[in-house]
Amino acid sequence: MELTGFDELQRKLSTLENNVKELDGEHTLSAKELFPMSFMQENTNVSSLQELFPGYDVSSDATFSKIPSSVVEQSVKEHTKFNSWDELKETAAKAYVERKLFENV
83 MELTGFDELQ RKLSTLENNV KELDGEHTLS AKELFPMSFM QENTNVSSLQ
133 ELFPGYDVSS DATFSKIPSS VVEQSVKEHT KFNSWDELKE TAAKAYVERK
183 LFENV
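Counted the way the numbering used here counts, the sequence shown spans residues 83 to 187.
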């Protein structure tokens, strides 16, 4: 009996191992990395963070932090399937890890 496919399996496992190493530790992510269009379309009724907070500058953490928390929470409740900004961020972070973990696998 001949077994095949082990080279491909080894390559995938090696890629997965490298991805795990890259994800280890703390990371600072841009809004674009954390909230890509695919995530926004799947979890909101808008396609970008800018559309979620029209009239506000969401281009950096510094400008985003100037948006009143009441506006942030209200927009999240109105335009997403989440009950809070924290819940949205947590789900986005989990999705990011999953995307990165299986990248090129």
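Positions of the beta carbon are idealized from the N, C-alpha and C atoms, including for glycine.
Spatial neighbours of Tyr178 in its own chain (CB-CB distance under 7 Å, excluding positions within 5 residues in sequence) are listed in chain order as Leu111, Glu115, Leu116. Using a Cβ distance threshold of 8 Å, Lys94 and Asn125 do not count as a contacting pair. Of the residues Lys182, Phe184, Leu134, Leu91, the one whose Cα lies closest to the Cα of Leu170 is Leu134. When secondary structure is reduced to three states using DSSP, Thr97 falls in the helix class. Check the Cα spacing between Asn127 and each of Glu180, Lys159, Gly87: the tightest is with Lys159. Following the DSSP letters along the chain, one finds Ser120 inside the alpha helix (DSSP H) bounded by residues 119 to 125.
Remark: C-beta atoms of Asn101 and Leu183 approach each other more closely than 8 Å. Inter-residue distance for Val154 and Gly87 is about 50 Å (C-alpha atoms, whole angstroms). Residue environment: Ala175 is assigned as exposed (fewer than 16 neighbouring CB atoms within 10 Å of its CB, all protein chains considered). Judged by DSSP secondary structure, Leu134 falls within the alpha helix (DSSP H) whose first and last residues are 131 to 134.
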